[in-house]
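The numbering of the sequence shown is full-length UniProt numbering, which starts it at 1 and goes up by one. This report concerns only the one structure given below.
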Amino acid sequence: MGKAERLVEVWRGDILESQHRGHAVVVDKTGGIVHAWGDPDQVILPRSSAKMLQALPLVESGAADAAGLTTEQLALSCASHQGAAIHTDRVSRWLADMGLGNDDLRCGPQWPADKPAKVGLIKTDDSPCRIHNNCSGKHAGFLTLSRHMGVSDPEYVEVDHPIQVAIKQAFEEVTGEVSPGFGIDGCSAPNHASTLLGMGRAMAGFAAAKEDGDARQKASVRLREAMMLHPDLVAGETRACTELMRSAPGKVALKTGAEAFFIAIIPELEMGVALKIEDGSTRASECAVAAILVKLGVLDPAHPDVKKRLNPDVLNFAGLNTGFIRPSDALLTL
């Protein structure tokens with residue numbers, strides 16, 4: 001990776017015990033850099049932070065309207081959900097409406113992160129299924145698009161499948177770059193690489209999109225609004241995406257990605273944020289995105305759910321406060 005910058009610090013007493021380095025960028029509606037840390041040209045895999053990009057063809061093509069998808073389903077198409085009943089029940093009904101089910105999904109079975117759902121499976125000696133996978137909503141969207149396009153090939157996660165070809169085209173258009181390659185994501189779908197700036201540019205495009213714009217802008221508005229309307233479906237209880245969106249209703253759409261990636265879409269400012277922590281630490285990516293959004297005036301640092309990510313205490317097993325996590329001075333300087 002290019003030269004990263006210290007973004008997050010972990011203190012134990014008066015000693016700096018750990019530090020997390022990374023790259024971050026704030027981009028305006030013209031695609032210009034407003035603020036940057038580290039290397040904006042760093043090539044990254046956005047992982048699940050790219051889900052709203054992957055959902056663009058679903059809406060832009062008319063597939064979502066033809067299937068009568070609700071705002072809840074659009075939010076789930078962008079989600080990395082907890083596998084709670086509010087998620088799995090909705091995905092199950094979505095699939096059933098198409099005459100499909102668990103076996104039609106190509107994401108693997110996954111134990112739900114939602115504790116009641118996980119305990120329920122254990123108590124009944126049951127096993128998780130593909131609908132429990134955190135990406136099952138995205139995959140239901142893939143199946144909806146595939147049906148709309150009249151594609152009979154069920155292996156919709158293959159990189160040369162028509163819907164993945166459409167997704168790559170949309171991805172390259174909104175990032176403004178030719179993707180240098182791809183990796184296979186945890187859900188088995190291709191995840192295309194871009195620069196950090198490219199992802200920031202894409203998020204700024206979502207932020208600046210207007211309801212009276214072209215088909216892509218209209219699709220972008222619908223997806224970002226669905227995310228902000230249903231933060232509980234985008235992630236779930238205890239998750240940063242859900243809690244930070246709830247702390248600033250209607251002001252920001254947030255989406256985490258594996259290995260400490262994070263994006264933010266800020267419609268009022270017509271700006272997008274993209275960040276990557278080099279060591280893959282989620283605690284650091286959550287702290288960093290909260291810090292940037294506080295400095296931009298989007299989040300209130302006094303809100304409990306913001307403080308929990310921005311400046312959490314480090315407690316030991318006896319409940320003693322042994323230190324804290326904080327954004328670096330460089331990150332707080334905009």
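Backbone N, C-alpha and C fix where the C-beta goes; we use that ideal spot for every residue, glycine too.
Query raised in the report: With DSSP run on the structure shown, which of helix, strand or coil describes Q110?
Result: Here residue 110 corresponds to residue number 110 of the sequence shown, with the count starting at 1. Reduced to three states, the DSSP call for Q110 is coil.
Report task. Measure the CB-CB distance between R216 and L69 and report whether it falls below 8 Å. Result -> By one-based count along the sequence shown, residue 216 stands at place 216. By one-based count along the sequence shown, residue 69 stands at place 69. Using a Cβ distance threshold of 8 Å, R216 and L69 do not count as a contacting pair.
Query raised in the report: On the three-state DSSP scale, how would you describe M227?
Result: Taking the first residue of the sequence shown as position 1, residue 227 is located at position 227. When DSSP states are grouped into helix, strand and coil, M227 belongs to the helix group.
Query raised in the report: Roughly how many angstroms separate the alpha carbons of E211 and D65, rounded to a whole number?
Result: One-based indexing of the sequence shown puts residue 211 at position 211. One-based indexing of the sequence shown puts residue 65 at position 65. For E211 and D65, the gap between their C-alpha atoms comes out near 16 Å.
**Report entry** Backbone secondary structure at F317 - three-state DSSP
**Finding:** Mapped onto the sequence shown, residue 317 falls at position 317. DSSP, reduced to helix, strand and coil, places F317 outside both helices and strands of the structure shown, so it counts as coil.
Query - C-beta atoms of H23 and Q54 nearer than 8 Å - result: Taking the first residue of the sequence shown as position 1, residue 23 is located at position 23. Taking the first residue of the sequence shown as position 1, residue 54 is located at position 54. For H23 and Q54, no; Cβs fall outside 8 Å.
Query raised in the report: Taking the DSSP output, what are the residues bridged to K255?
Result: Stepping through the sequence shown from its first residue, residue 255 is reached at position 255. According to DSSP, K255 bridges with I263.
Report task. Would you decide whether G62 is buried or exposed? Buried here means 16 or more other CB atoms lie within 10 Å of its CB. Result -> Taking the sequence shown and counting its residues from 1, one reaches residue 62 at position 62. The residue in question, G62, is exposed, as its Cβ has fewer than 16 Cβ neighbours within 10 Å.
Query raised in the report: Relative to the alpha-carbon of I44, which residue among V252, S247, N316, L196 has its alpha-carbon at the smallest distance?
Result: The residue given as residue 44 occupies position 44 in the sequence shown. Selected option, being the one with the closest Cα: L196.
Requested in this report: Taking P190 as part of the beta strand (DSSP E), name the residues at either end of that continuous run.
Outcome: Along the sequence shown, read from residue 1 onward, the residue named residue 190 stands at position 190. Its beta strand (DSSP E) spans residues 190-192.
Requested in this report: Could you tell me which residues DSSP puts in a beta bridge with R12?
Outcome: As a working mapping, residue 12 is identified with position 12 in the sequence shown. According to DSSP, R12 bridges with I15, G323.
**Report entry** One or two residues paired with L275 in a DSSP bridge
**Finding:** For the purposes of this step, residue 275 is identified with residue 275 of the sequence shown, where counting begins at 1. In the DSSP output, where bridge partners are listed per residue, L275 has A24, F262.
Report task. Give the DSSP-derived three-state secondary structure of L239 in the structure shown. Result -> Stepping through the sequence shown from its first residue, residue 239 is reached at position 239. In the sequence as presented, Leu is not what sits at residue 239; that position holds Arg. If DSSP states are grouped into helix, strand and coil, R239 belongs with coil.
Requested in this report: Would you be able to state if there are at least three C-beta pairs under 8 Å between the region 21-36 and the region 197-209?
Outcome: Under the 8 Å Cβ criterion, the region 197-209 counts as touching the region 21-36, having at least three qualifying pairs.
Query raised in the report: Between the Cα of G257 and the Cα atoms of E268, G250, A248, A240, which residue gives the shortest distance?
Result: Stepping through the sequence shown from its first residue, residue 257 is reached at position 257. Of the residues E268, G250, A248, A240, the one whose Cα lies closest to the Cα of G257 is A240.
Query - Option in T242, E72, F261, E5 with minimal Cα separation from A36 - result: Within the sequence shown, numbered from 1, the residue matching residue 36 stands at position 36. Distances from the alpha-carbon of A36 to those of T242, E72, F261, E5 put E5 closest.
Requested in this report: Specify, as a first and last residue, the run of the beta strand (DSSP E) that I131 falls within.
Outcome: The sequence position of residue 131 within the sequence shown is 131, counting from 1. Premise fails: I131 is in no beta strand (DSSP E) and is neither H nor E.
**Report entry** Through-space distance from G150 to I325, alpha-carbon basis
**Finding:** As a position in the sequence shown, residue 325 is number 325, starting the count at 1. As a position in the sequence shown, residue 150 is number 150, starting the count at 1. Each residue's alpha carbon lies about 51 Å from the other.
Requested in this report: Would you please state the rounded distance, in angstroms, between the beta carbons of V289 and F262? I believe it to be under 8 Å.
Outcome: To locate residue 289, count along the sequence shown from 1; it is residue 289. To locate residue 262, count along the sequence shown from 1; it is residue 262. About 4 Å; that satisfies the 8 Å criterion.
**Report entry** Cross-strand partners of A36 (DSSP beta bridge)
**Finding:** If you number the sequence shown from 1, residue 36 lands on position 36. In DSSP, A36 forms a bridge with V25.
Report task. Check T333 in the structure and name its three-state DSSP category. Result -> By 1-based counting over the sequence shown, the position of residue 333 is 333. Looking at T333 - three-state DSSP - the assignment turns out to be coil, as it is neither helix nor strand.
Report task. Using beta-carbon positions only, say whether A189 and H20 come within less than 8 Å of one another. Result -> Here residue 189 is taken as the residue at index 189 of the sequence shown, counted from 1. Here residue 20 is taken as the residue at index 20 of the sequence shown, counted from 1. No. Outside cutoff.
**Report entry** Cα-Cα separation between V221 and G137, rounded to whole angstroms
**Finding:** Numbered from 1 along the sequence shown, position 221 holds the residue referred to as residue 221. Numbered from 1 along the sequence shown, position 137 holds the residue referred to as residue 137. Between V221 and G137, the alpha-carbon positions lie close to 19 Å from each other.
**Report entry** Whole-number beta carbon distance between M227 and A274, since they are thought to touch under 8 Å
**Finding:** In the sequence shown, counting from the first residue as 1, residue 274 sits at position 274. In the sequence shown, counting from the first residue as 1, residue 227 sits at position 227. The C-beta separation of A274 from M227 comes to about 16 Å, leaving the pair out of contact by the 8 Å criterion.
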